[in-house]
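In full-length UniProt numbering, the protein residues as written are 1 to 831.
For each residue, glycine too, the CB sits at the ideal point set by N, CA and C.
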């Protein structure tokens, strides 16, 4: 495989598979991406990608996100920053537990085998990870500190237990998340899902609701707008009032119930009250004659998910509780109903229904013949007649002292003032956000470090006894759901001594939601071997917050919200000096095939390993980055890795054409080629900062073509401008196609590694254009193009344009009405 100096051999090629093996060994020896290896005093930058779950080998989604992420990390290294780019695995979770049940093994067997498979694939894929920071959340050395953080949160009143209803599969004897319930059935076994009340652990994330909302202001411009909007909607801040309603019970007693509403000004239109059927309140206020009907209805309600219950298309159903409530502003008695469209964990589990101005309330009123009273005249048809709720602003009617007022804010303020004066309510702020349910009745997770003692109650496990390790002797059938956590049945593990009194006690058998592990892992990466706490505070001051976080938009709400919550708690504990963990966020799109998500069942799955074997790592990486803007979905069927192979071969051949010696000064070389090189470098810097990585590849391709044309046009392979251009191509490709870049760098006579050679300095003088192209339009159609000086005046440009023969012919003697000049690039003539 040789070429004559100065001559392009189009048949020449290089063995990509051999290059991959060769350079992997070199990189392993050089360890070029170890954090802390930059020049003394270099600015530190933390590049983080959402860490993977070890379920099988890498897939096309990994291929995309890692390639995009690596452009940023490698660019920072080239720019001289000290970069932390760690890798680890989110290795607890239900898939490993289910695999262990199927295969009659411990979940660790499945987990760590997959981790090693993925680690090998990541190394092959050439990502610039610092492997010295590797961690796994299922290692006892990691979950020791997850448990420690739980205890610290509990000390601050942020971890607590309470009874709560959960989705329950009676066949699998396990709790199901909402997304595991499909049309009321368990997605795994098809059994009808019911509701069950369990004692669960929670984090009190609601204590931080306002701060989570306010601190997003600092993320505007560096986080995607849609992610910020999703977070704001999830937190759901709303201003309104707490209003007290007296419910007259069948016993003759009165029960006061507080309802939150954002529209207390519509109280005059409240004609009935609705209580969540499965809320304790419904069972406490129902008249004896209606108890059986309520119980039967609740059984039906428990089969539906919260998402189903809130659907506007779902037919309204309910039970009259046989009691009435008193409207605090009208004194009217309103019927109290139970229904499934109100949720038990929202506010007090009860709402005031204003059917004229809320469609769900109106649908319910229509279904059961309940009264409808319009209290805001919006100019639309009367909802009492149309049964179409009106929700806009307007003039108050049927509203006592508010009648005639057309200012909603004033109406709300006046009603709140009246409620407070009467002692029947108060202005308040409410949040849609709910506390974080973190209990899981599963084995493969971090055990909750609490001991339950008959005498002492809940007792935290002492810090010097952490971690509370998972037992090693459970596997297969031992892990099958039995109505409680598998750990509860492990008598030898669950039976212990109370740390407080020394008496017999039981360990808490729940494990933590894996979102807990992923809410602080980025801090553990700073020093995974640190044993004085969950992370090294000094390292946190040096590296945090994360300068760029890259990952899927599917984690836009919970993972990011919980990570932000953790950071704020750690700040309040004095452990970090920042309040947001991720300074900038980039979400990549999804990799699909033939217009659909990749799936074995659909027959459109694409195996990443096979693509690499066929085309090579660099071609796959280049294809992924070049496919489009990072946030867009990629359809593999539309891509051309074969085209990427051809381009990489062309770039490689350029390196073989250069005959000037390494270190040759570029001054004196071909000016046009030098200008193209420096213009490309200048644009690429701006494009990377704007995350337009696909255009970076396009500019690199253009520079390869420009260089080839310059050589073929007689520039000569010995011209120092050719060396400068080809070296620039190698540096640009080091961001996307690292194996090819190293091959080129070696052929150019340099020692490895090109990944750390440094970003070339752009010469501003070479960015100055001698001429620019001015477009002349007549009636909006291009009629001429003129090469003009960049600093040409508008008058001179107009004169040149009007004298151009093509323009004169196009005007053809017609009178010119207007000439618009935008020097130096546009002249628009209207005739």
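Task: Closest by C-alpha distance to residue 237, when choosing among 248, 206, 247 and 469 - done: Locating residue 237 in the chain shown gives position 237, counting from the first residue. Out of 248, 206, 247 and 469, 206 has the C-alpha closest to the C-alpha of residue 237.
Task: Nearest to residue 170 (by Cα), restricted to the options 618, 541 and 483 - done: Taking the chain shown and counting its residues from 1, the one referred to as residue 170 is at position 170. The shortest C-alpha separation from residue 170 is found at 483.
TODO: Use the C-beta contact count for residue 486: other C-beta atoms within 10 angstroms, 16 or more gives buried, fewer gives exposed.
DONE: Position 486 of the chain shown, counted from the start, is the residue given in the question as residue 486. When all chains shown are included, residue 486 counts as buried.
TODO: Using DSSP bridges, identify the partner residues of residue 730.
DONE: Counting from 1 along the chain shown, the entry for residue 730 is found at position 730. Answer by DSSP bridge pairing: none, since residue 730 is not bridged.
- [ ] With residue 805 as the anchor, note down where its alpha helix (DSSP H) starts and where it stops.
- [x] If you number the chain shown from 1, residue 805 lands on position 805. First-last of the alpha helix (DSSP H) with residue 805: 805-811.
Task: Identity of the residue in 478, 83 and 143 nearest residue 104 by Cα - done: In the chain shown, residue 104 corresponds to position 104, counting from 1. Taking only the C-alpha atoms, the option nearest residue 104 is 478.
Task: Which of helix, strand or coil DSSP assigns to residue 183 - done: The sequence position of residue 183 within the chain shown is 183, counting from 1. In the structure shown, residue 183 sits in coil (DSSP, three-state: anything other than H, G, I, E or B).
Task: Cut-off 6 Å between Cβ atoms - residues of its own chain near residue 402, not counting five sequence neighbours on either side - done: The sequence position of residue 402 within the chain shown is 402, counting from 1. These residues qualify, in order along the chain: 396 and 411.
Task: Spatial distance of residue 419 from residue 491 (CA atoms) - done: On the chain shown, residue 419 is found 419 positions in, with the first residue counted as 1. On the chain shown, residue 491 is found 491 positions in, with the first residue counted as 1. Computed Cα separation, rounded: 57 Å.
Task: Whole-angstrom distance between residue 186 and residue 558, CA atom to CA atom - done: Looking up residue 558 in the chain shown gives position 558. Looking up residue 186 in the chain shown gives position 186. Looking at the two C-alpha atoms, the distance is approximately 23 Å.
Open item on the list: Give me, in chain order, the residues of the same chain whose beta-carbon lies closer than 6 Å to that of residue 143; leave out the 5 immediate sequence neighbours on both sides.
Closed with: Counted from its first residue, the chain shown places residue 143 at position 143. Excluding sequence neighbours, residue 143 sits near 446 and 467.
Task: CB of residue 294 within 8 Å of CB of residue 319, strictly - done: If you number the chain shown from 1, residue 294 lands on position 294. If you number the chain shown from 1, residue 319 lands on position 319. In contact: residue 294 and residue 319 (Cβ atoms closer than 8 Å).
TODO: Rank 250, 135 and 265 by C-alpha distance to the C-alpha of residue 289 and give the top, closest one.
DONE: Residue numbering aside, residue 289 sits at position 289 when the chain shown is read from its first letter. With distances taken between Cα atoms, residue 289 lies closest to 250.
Open item on the list: Going by beta-carbon coordinates alone, are residue 772 and residue 693 separated by less than 8 Å?
Closed with: Within the chain shown, residue 772 is the residue found at index 772, counting from 1. Within the chain shown, residue 693 is the residue found at index 693, counting from 1. No, these two residues do not count as a Cβ contact at 8 Å.
TODO: Pick out whichever of 592, 639, 634 and 605 has its Cα sitting closest to the Cα of residue 615.
DONE: The residue labelled residue 615 in the question sits at position 615 within the chain shown. Among 592, 639, 634 and 605, the Cα nearest to that of residue 615 belongs to 639.
TODO: Please work out which residues of its chain come closer than 8 Å, Cβ to Cβ, to residue 679, disregarding the five sequence neighbours upstream and downstream, and give them in chain order.
DONE: Taking the chain shown and counting its residues from 1, one reaches residue 679 at position 679. Only 766 and 767 meet the Cβ criterion.
Open item on the list: Does residue 602 pass the burial test, meaning 16 or more other C-beta atoms within 10 Å, or should it be called exposed?
Closed with: Reading the chain shown from its first residue, position 602 is the one you call residue 602. Per the 10 Å Cβ criterion, exposed.
Task: Cβ neighbour criterion (16 or more within 10 Å) applied to residue 780 - done: Taking the first residue of the chain shown as position 1, residue 780 is located at position 780. By the neighbour-count rule (16 or more Cβ atoms within 10 Å), residue 780 is not buried but exposed.
Open item on the list: Given this structure, state the Cα-to-Cα distance separating residue 336 from residue 359, to the nearest angstrom.
Closed with: Against the chain shown, residue 336 aligns to sequence position 336. Against the chain shown, residue 359 aligns to sequence position 359. Cα to Cα, the separation comes out at about 18 Å.
TODO: Alpha carbon to alpha carbon, how far is residue 634 from residue 627? Give it in angstroms, no decimals.
DONE: Locating residue 627 in the chain shown gives position 627, where the first residue counts as 1. Locating residue 634 in the chain shown gives position 634, where the first residue counts as 1. Taking the straight line from one Cα to the other gives about 7 Å.
- [ ] Report yes if the CB atom of residue 683 is closer than 8 Å to the CB atom of residue 699, and no otherwise.
- [x] As a first step, residue 683 is located in the chain shown; it is residue number 683 there, counting from the start. As a first step, residue 699 is located in the chain shown; it is residue number 699 there, counting from the start. Cβ atoms of residue 683 and residue 699: closer than 8 Å.
Open item on the list: Please list the terminal residues of the continuous alpha helix (DSSP H) segment that includes residue 654.
Closed with: By 1-based counting over the chain shown, the position of residue 654 is 654. Where residue 654 is concerned, the enclosing alpha helix (DSSP H) stretches over 641-657.
Task: Beta-carbon proximity list for residue 825, same chain, < 8 Å, skipping 5 on both sides - done: Here residue 825 is taken as the residue at index 825 of the chain shown, counted from 1. 772, 773, 774 and 775, listed in sequence order.
TODO: Take every Cβ of the stretch 106-118, pair it with every Cβ of the stretch 534-547, and state whether three or more of those distances are shorter than 8 Å.
DONE: no
TODO: Please specify which runs of the alpha helix (DSSP H), each continuous and at least 4 residues long, are wholly inside the stretch 547-575, giving them in chain order.
DONE: 558-572
Open item on the list: Less than 8 Å between C-beta atoms, sequence neighbours within five positions excluded: which residues of the same chain meet that for residue 519?
Closed with: In the chain shown, counting from the first residue as 1, residue 519 sits at position 519. Only 559, 562, 563, 565 and 566 meet the Cβ criterion.
Task: Supposed contact pair residue 586 and residue 620 - C-beta distance, whole angstroms, cut 8 Å - done: As a first step, residue 620 must be located in the chain shown, where it is residue number 620. As a first step, residue 586 must be located in the chain shown, where it is residue number 586. Not really, about 20 Å apart at Cβ, beyond 8 Å.
Task: Nearest neighbour of residue 664, chosen from 715, 553, 727 and 696 [CA to CA] - done: The count along the chain shown starts at 1 and reaches residue 664 at position 664. Here the closest residue by C-alpha is 727.
Open item on the list: Among 328, 80 and 272, whose alpha-carbon lies nearest the alpha-carbon of residue 321?
Closed with: Position 321 of the chain shown holds residue 321. Among 328, 80 and 272, the Cα nearest to that of residue 321 belongs to 272.
Open item on the list: Quick check on the DSSP output: the beta strand (DSSP E) that includes residue 132 runs from which residue to which?
Closed with: Taking the first residue of the chain shown as position 1, residue 132 is located at position 132. No beta strand (DSSP E) holds residue 132; DSSP gives it neither H nor E.
- [ ] Could you tell me which residues DSSP puts in a beta bridge with residue 777?
- [x] If you number the chain shown from 1, residue 777 lands on position 777. According to DSSP, which records beta bridges pairwise, residue 777 is partnered with 782 and 828.
TODO: Have a look at 91, 829 and 815 and flag the residue whose alpha-carbon is nearest the alpha-carbon of residue 821.
DONE: Taking the chain shown and counting its residues from 1, one reaches residue 821 at position 821. Of 91, 829 and 815, the residue nearest in Cα terms is 829.
Task: Neighbourhood of residue 784 by C-beta, 6 Å cutoff - its chain only, sequence neighbours within 5 removed - done: To locate residue 784, count along the chain shown from 1; it is residue 784. Excluding sequence neighbours, residue 784 sits near 776, 804, 806 and 807.
- [ ] For residue 84, name the three-state secondary structure that DSSP assigns.
- [x] What you label residue 84 is simply residue 84 of the chain shown in a count that begins at 1. Strand.
TODO: Would you mind reading off the limits of the alpha helix (DSSP H) that contains residue 706?
DONE: Position 706 of the chain shown, counted from the start, is the residue given in the question as residue 706. Counting along the chain, the alpha helix (DSSP H) containing residue 706 begins and ends at 693-710.
TODO: Report buried or exposed for residue 512, applying the criterion of at least 16 other Cβ atoms within 10 angstroms of its Cβ.
DONE: As a position in the chain shown, residue 512 is number 512, starting the count at 1. It is buried - the Cβ of residue 512 has at least 16 other Cβ atoms within 10 Å.
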